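Everything in the sequence shown is counted per this note's numbering, starting at 6 for the first residue and increasing by one. Glycine residues also receive a C-beta, built at the ideal position from the N, C-alpha and C atoms. The model shown is predicted, which means the values in this text are computed figures rather than measured ones. Heads up, the thing below is written out as structure tokens.
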Amino acid sequence: MSQPFTAIATLIAKAGQQDVLEQHLRALLEPTRAEAGCGQYDLHQDLANPLAFYMIEKWSSDEALQAHDASAHIQNFRARASDFLEHFELKRLRDLA
């Protein structure tokens, strides 16, 4: 089993779609926070660029993140994301201090 880690997801809305993206991201909070292995799942919006959103995540293991990726709520989000999402990137970080 892997070590705990932090992840930062960067999600950029298509022009004029930031409210739609925010609504979809907010809908992910409660079911994701209830998942086994999720220690943190917090949504942020860039003050300088309102199209940019960041999800700060803490996972107990790679397996926990893989289960999250396979969950119904994430699969549903992905199925609709092309309507409102311009860019997605996930950075996995090792805690140092």
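query = Does DSSP put Leu-16 in a helix, a strand or coil?
reply = Mapped onto the sequence shown, residue 16 falls at position 11. In the structure shown, Leu-16 sits in a strand (DSSP, three-state: E or B).
Three-state secondary structure assigned by DSSP to Leu-33 = Position 28 of the sequence shown, counted from the first residue, corresponds to residue 33. In the structure shown, Leu-33 sits in a helix (DSSP, three-state: H, G or I).
query = From this set, Ala-77, Ala-86, Thr-15 and Ser-65, which residue's C-alpha is nearest Leu-95's C-alpha?
reply = On the sequence shown, residue 95 is found 90 positions in, with the first residue counted as 1. Closest option to Leu-95, judged by alpha-carbon separation, among Ala-77, Ala-86, Thr-15 and Ser-65: Thr-15.
query = Based on the DSSP secondary-structure assignment, which residues constitute the bridge partners of Glu-62?
reply = As a first step, residue 62 is located in the sequence shown; it is residue number 57 there, counting from the start. Assignment of beta-bridge partners to Glu-62 by DSSP yields Ala-12 and Tyr-46.
query = How would you call Glu-62, buried or exposed, if buried means at least 16 neighbouring beta carbons within 10 angstroms?
reply = Walking along the sequence shown from the start, residue 62 turns up at place 57. Around the C-beta of Glu-62, 16 or more other C-beta atoms lie within 10 Å, and the residue is accordingly described as buried.
query = If we ignore side chains and look at the alpha-carbon of each, how far apart do Ala-102 and Gly-42 end up?
reply = Sequence index remark: in the sequence shown, residue 102 carries index 97 (1-based). Sequence index remark: in the sequence shown, residue 42 carries index 37 (1-based). Taking the straight line joining both Cα atoms gives about 21 Å.
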